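Here's the structure we're looking at; comments come further down.
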Amino acid sequence: MNKKADIKEFDALLDLLRIEKEKDLEEYKKKIQRLSLQERSQSGVAWYPLQVVKQGYTLGSRAYVVVERTKQLGEEHRFRSGKPVRLFTMQTVDGKNEQTGVIYYVKKDRMQIILNSKDSPDWLTKGLLGVDLLFDDRTYQVMEQSLKQVKKASRDRLAELRDIFLGRQAPSQQTQHQPIELPQLNASQNKAVNAILAANEVSIVHGPPGTGKTTTIVQAVRQLTKTESTVLVTAPSNTAVDLITERLAMEGLVVVRIGNISRVDDNVINNTLELRMSQHPESKNIKKLKVQAADMRRQARRYKRKFGQEEYQNRRAKFQEARELMDWANQLETRILEQILDSAQIITCTLIGAADKVLQNRKFRTVVIDEAAQALEPATWVPITKASRVVLTGDPYQLPPTVKAREAARKGLEITLIEKSLQRLPEVHLLDTQYRMHETIMGFSNQRFYQNRLRAADSVAKAQLPIKDQSPLIFIDTAGCGFEEKVHAAYKSRYNPEEFQILCEHLHQLVDSYAGIDLPEIALISPYREQTLHMEQIIDEDPKFREQPITINTIDGFQGQEKEVVYLSLVRSNPKGEIGFLKDYRRMNVAMTRAKKQLIIVGDSATIGGDDFYADLLAFCESKGSYRSAWDYMR
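For the sequence shown, the working numbering begins at 312 and goes up steadily by one.
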């Protein structure tokens, strides 16, 4: 591949990113800008009304506010940590009624917003408050800037990494590396750790479901901290970053979490840069200076347009004093921030968070990019620009990144850097032993996606439920029952209440068989959000299920989790054999690899059987598991 080809590949990525941004903006306008406040609230893109729970100042001289909604409590919404928002009031105060910011965290009906201002607006106390989602333009800007930086790189480390990922140059290893063997890891995990430690530029770790990818990465990072001052560890989502942060901290390592958080428990908050800053002895002085500066600005703004020379001088002096106080606070804050980051063994953040200004002048020997198979390639390059060695980990056969524009997905934006690396790089380290599933549950996934290279650990290979109906893999066929799918008029999501009745009947039998024995943890999952909402309603209304350990979620929402028993509702049932969403086989791979001891799939073979993937699945269930008819569960 020549240099012109390199440029064309990155030009193509920039073009696909533009298409995706335009589609994202179009959807934003449709969902938010054109709707009334009531419609926005019902669609989950606005909260109104709100009450202020707390106000204060955080890192970078910015004010924050914690708000709580007082209506539609517990209802679904689309607010997530890191999303830009508009905080507003229905009452105009001094000609102003809104302020933008970024969500720091969301927990149930409460969220913390970091405002894009030095002070909280005066109208926060006036009531009639609400918050809207805004279009996230910054993420696209960061990805675009990184792609351009990679494209222009010449005769430096970034250019070398680019050439390796493009397949133009082979990665190399340190000849002097002495292999280590960690007793808590298996052979393939130890091999992956050694590959990471020995790599000069790039290493790839492929971790199928249940193979201990996170355990392997945590131990590799632990080893890296012995020879590197600070390791950068990133992931595509705040949730994934929080999880890896917690696991690293459990090892006794000094971890500093940069950016927004998705979870508010102590295990994450204790590692945030903000908390470390607040625990510093100088933090009280910084906060005092910020409060004094804010008070000076408020005093200065009390002078209206018509005032004399004396008032003008007083106003000017107060603004000047406020600036001096803030400068002093900023100097103290910068010094503390640098001390905390310098002392960190590991810094964690999202891919986009690697562009945070607190990391602006920092370079790292190694960046670890976890869950790389869920990241758009343009986002993956953001942390790569800050390091001289790259570790990509993930599984390209699980959930892909979300691409909203069909054209962009069709032209390749959905293809991740780790997928390309599996094709281009000479060596990828597969973790080959899984510790989650019975071998029969693992079987179809292993056959279809992993060329039968995986094996079940002895501890799980034969693990079954302590009941009579203990087949680890069951398919319940609704063909011929007339259970056709339905479509929600507003959300266009599909659901199938009759199919769920069959699932519920099997669930009733499972619960009954555990009389006098603690019920195992159970998950009910489906590709369709509307089906999960229907399931939640029925389960909540059934006294037999209400107090049981049952989790309900979409497949996407359940990725990374596991339960002893998993029910999978496929929903699709129609005379045309249209399977739509089910065509994403990677999503099904996730769904079928969440169960430890029993997986029950409910679906219509007449609808899905025309697809080769599902035809093979049905055949596998019939030969290796248990194949049943829905008629067996009709009351």
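Virtual Cβ for every residue (Gly too), placed ideally from N, Cα, C.
For clarity, every value in this text was computed on a predicted model and none was experimentally measured.
Counterpart residues of residue i in DSSP-defined beta bridges
i      : result
Phe399 : Glu409, Gly441
Lys874 : Ala906
Ser837 : Thr865
Glu967 : The question about residue 967 has no answer, for the chain in this structure spans 312 to 946.
Ile414 : Ile424
Lys259 : The chain is shown from 312 up to 946; residue 259 falls before or after that span and cannot be answered.
Ala374 : Tyr368
Lys429 : Paired residues: none, contrary to the question.
Thr744 : Arg766
Residue i, DSSP secondary structure in three states
i      : result
Gly868 : helix
Thr369 : strand
Met945 : coil
Gln656 : coil
Gly827 : coil
Pro360 : strand
Ala510 : strand
Ala790 : coil
Leu784 : strand
Ala768 : coil
Ser937 : strand
Arg608 : helix
Ala774 : coil
Lys351 : In the sequence as displayed, the identity of residue 351 is Arg instead of Lys. Residue state, collapsed to three classes: helix.
Tyr806 : strand
Leu543 : strand
Arg568 : strand
Lys334 : helix
Lys629 : helix
Met312 : Its pLDDT being 45, under 50, Met312 is placed unreliably by the model, and the measurement read from it follows with that caveat. Reduced to three states, the DSSP call for Met312 is coil.
Lys319 : helix
Lys797 : strand
Leu327 : helix
Ala926 : helix
Tyr761 : coil
Glu816 : helix
Lys855 : helix
Residue i and residue j closer than 8 Å at C-beta
i      : j      : result
Ile866 : Pro886 : no
Val575 : Lys418 : yes
Phe794 : Leu928 : no
Val669 : Ile597 : no
Gly521 : Arg747 : yes
Ala941 : Val877 : no
Glu832 : Glu875 : yes
Leu710 : Gln870 : yes
Ile555 : Val567 : no
Leu881 : Ile912 : yes
Ser431 : Tyr416 : no
Leu328 : Pro707 : no
Thr541 : Ala665 : no
Leu398 : Val442 : yes
Ala531 : Val513 : no
Ser457 : Ala374 : no
Leu477 : Glu320 : yes
Val356 : Lys342 : yes
His488 : Leu472 : no
Ala510 : Arg700 : yes
Met607 : Leu636 : yes
Ile729 : Ala768 : no
Arg600 : Ala640 : The sequence as given places Leu at residue 600; Arg does not occur at that position. Taking 8 Å as the Cβ cut-off, Leu600 and Ala640 qualify as a contacting pair.
Ser732 : Ile528 : no
Tyr918 : Ser884 : The displayed chain sequence assigns Thr, not Tyr, to residue 918. Closer than 8 Å, so yes.
Leu736 : Ser499 : no
Pro482 : Ile475 : yes
Any non-hydrogen atom of the ligand FMN closer than 7 Å to residue i Cβ
i      : result
Asp335 : Within the structure as shown, the ligand FMN is missing, as the structure has no ligands at all.
**Request:** Say whether the region 362-381 touches the region 434-444, bearing in mind that this needs 3 or more beta-carbon pairs closer than 8 Å, one atom from each stretch.
**Result:** yes
**Item:** Stretch-stretch touch, CB-based, cutoff 8 Å, three pairs: the region 529-542 with the region 675-689
**Value:** yes
**Prompt:** Which ranges does the alpha helix (DSSP H) cover as unbroken runs of at least 4 residues, wholly within the region 880-924, from first to last along the chain?
**Reply:** 896-903, 916-919, all fully within the region 880-924.
**Request:** Any chance you could list the alpha helix (DSSP H) runs of at least 4 consecutive residues sitting entirely within the region 658-739, in chain order?
**Result:** 688-695, 717-721, 728-735
**Request:** For the region 841-859 and the region 899-915, state whether three or more C-beta atom pairs, one from each stretch, are separated by less than 8 Å.
**Result:** no
**Item:** Any alpha helix (DSSP H) of 4 or more consecutive residues that is wholly inside the region 575-601
**Value:** You should have 577-580, 584-589.
**Cβ contact check for the region 719-738 and the region 463-470: 3 or more pairs under 8 Å** = no
**Request:** Taking only runs that begin and end inside the region 453-528, name each unbroken beta strand (DSSP E) of 3 or more residues, in chain order.
**Result:** Within the region 453-528, the complete beta strand (DSSP E) segments of 3 residues or longer fall at 513-517, listed in chain order.
**Item:** Inter-stretch contact (C-beta, 8 Å, three-pair minimum) for the region 907-921 and the region 774-787
**Value:** yes
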